[in-house]
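> Here the sequence shown stands for residues 2 to 136, where the numbers follow the numbering used here. Think of the CB as a built atom: it goes at the ideal place given N, C-alpha and C, for glycine as much as any other residue. Predicted model only: the values in this text are computed from it and were never measured.
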Amino acid sequence: MKTFPLEIYAIDKQSYVGPCESLTIPAMDGEFGVLANHEPVVVAITAGELRYTVNGETTVLAVGDGFIEVSESEVYVMVDFAERADEIDRIRAEAAEKRAREKLRARKDALGVAHAEAALARALARLRVAGKYGH
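(1) If the criterion is Cβ atoms closer than 8 Å, does the pair Leu128 and Arg85 meet it?
(2) Are Cys21 and Val55 closer than 8 Å when you measure CB to CB?
(3) Please state whether DSSP places Lys109 in a helix, a strand or coil.
(4) Check this for me: beta carbons of Val18 and Phe33, under 8 Å apart or not?
(5) In or out: Ser74 buried (at least 16 other Cβ within 10 Å) or exposed?
(6) As an exercise, report each continuous beta strand (DSSP E) stretch of at least 3 residues that is fully enclosed by the stretch 7-31, in chain order.
(7) State the Cα-Cα distance for the pair Leu125 and Ala28, rounded to the nearest angstrom.
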């Protein structure tokens with residue numbers, strides 16, 4: 002299968018740099034997939050499950066909001082966070098989910114609700130990946 006150069010960056014680290022056969026990211030209107038020779042595009046990434054395949058082996062990351070830039074020669078992914086299932090602290094993610102749900106119930110202002118919704122999405126992304134792919 003043809004490959005393309007992929008670079009995945011989180012705010013605090015470089016998650017992956019190398020060849021890639023296929024990439025699937027969580028986007029605003031569902032999943033967005035990339036294969037070699039994809040048309041250039043920029044797409045917003047939402048918190049969720051990112052999957053990329055190298056040498057027939059798929060790696061899954063929980064990711065936060067960000068964007069993907071597909072150019073004619075390479076693909077860049079920039080996200081708030083990127084964690085494999087074995088890097089996720091489930092207890093911390095569950096606590097974050099609980100805090101976010103409490104803030105949503107309080108509904109003090111629009112900005113507070115938006116922050117709580119974003120925090121909830123991040124926590125759920127981590128828990129989903131840890132639950133499906135964790136050991």
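For this structure:
(1) no
(2) yes
(3) coil
(4) no
(5) exposed
(6) Counting whole runs of 3 or more residues, the stretch 7-31 contains the beta strand (DSSP E) stretches 14-21, 23-28.
(7) 15 Å
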